[in-house]
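Going by the numbering used here, the final residue of the sequence shown carries number 161, and the count climbs one at a time with no gaps.
Just so you know, even glycine gets a beta-carbon here, dropped at the ideal spot from N, CA and C.
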Amino acid sequence: MEPRPSVQYGQSGRRLSHFSRSSISGLSLGQKGIFNHVKVQNTYRLAPETKERFNACQAEKVIKGVLDSYLGGEDYDSKFCSKVVQDLSSIIKDQMKDLGFSHRYKFICEVIIGENKNQGISMASRCLWGSDVDNYASATYTKGNIMCVATVFATYFE
């Protein structure tokens with residue numbers, strides 16, 4: 004009886020298990036696998052150090068600077084605003100990461116641009132977070148017929 008071509012057999016004539024087969028590239032798919040698992044010692048840090056904490060005042064200055072530089076001298080145009088909202092959000096998030104806060108902070112940036120016709124606008128949000136480490140910063144920009152509100156939420160992941 005001929006062995007089936009789909010079944011692999013070792014030198015001893017026994018059928019090879021899934022863990023001892025080789026992949027097409029020649030690397031073993033065994034239990035050791037391709038990935039080297041590095042064991043890292045746990046730091047047991049549940050909160051950032053004082054110098055790594057999210058500083059809302061510092062973040063607000065950065066947000067205002069970004070809004071001023073990108074929206075300064077612009078008039079409201081729905082096509083322009085739909086494109087620039089995404090850019091502003093990613094730029095503000097990148098700026099927050101560059102400020103030197105703990106790498107465990109995750110940033111959520113919300114940017115709203117609208118036409119300023121002296122109307123009222125209310126913006127609200129609800130979050131479930133740790134009040135001792137999580138925070139937010141918000142800045143507004145109003146000039147001519149364009150208005151913008153940008154909010155950054157900083158949540159600390161343990």
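The alpha carbon of Thr-154 has as its nearest neighbour, out of Gly-147, Thr-143 and Asp-101, the alpha carbon of Thr-143. By the neighbour-count definition (other C-beta atoms within 10 Å, threshold 16), Ile-124 is an exposed residue.
Taken in chain order, the complete beta strand (DSSP E) segments of 3 or more residues contained in the segment 80–147 are 108–118 and 138–146. For Cys-112 and Phe-104, the gap between their C-alpha atoms comes out near 16 Å. Annotation: Val-41 is outside any alpha helix (DSSP H) and is labelled neither H nor E by DSSP.
Rounded to the nearest whole angstrom, the C-alpha separation of Gln-98 and Ser-128 is 22 Å. When the beta-carbon positions are compared, Cys-151 and Ile-116 come within less than 8 Å of each other.
Under the 10 Å beta carbon count, Val-43 is surrounded by fewer than 16 other beta carbons and is classified as exposed.
Checking the DSSP bridge columns, you'll see Ala-62 has no partner listed. Note: Thr-154 is bridge-paired with Glu-113 and Ser-141 in the DSSP secondary-structure output. Annotated three-state conformation of Tyr-159 is strand, per DSSP. Counting only the Cα atoms, Val-114 lies some 6 Å from Ser-92. Rounded to the nearest whole angstrom, the C-alpha separation of Ala-157 and Tyr-139 is 6 Å. When the beta-carbon positions are compared, Phe-160 and Arg-107 come within less than 8 Å of each other. Here Cys-84 is buried. Its C-beta has 16 or more other C-beta atoms within 10 Å.
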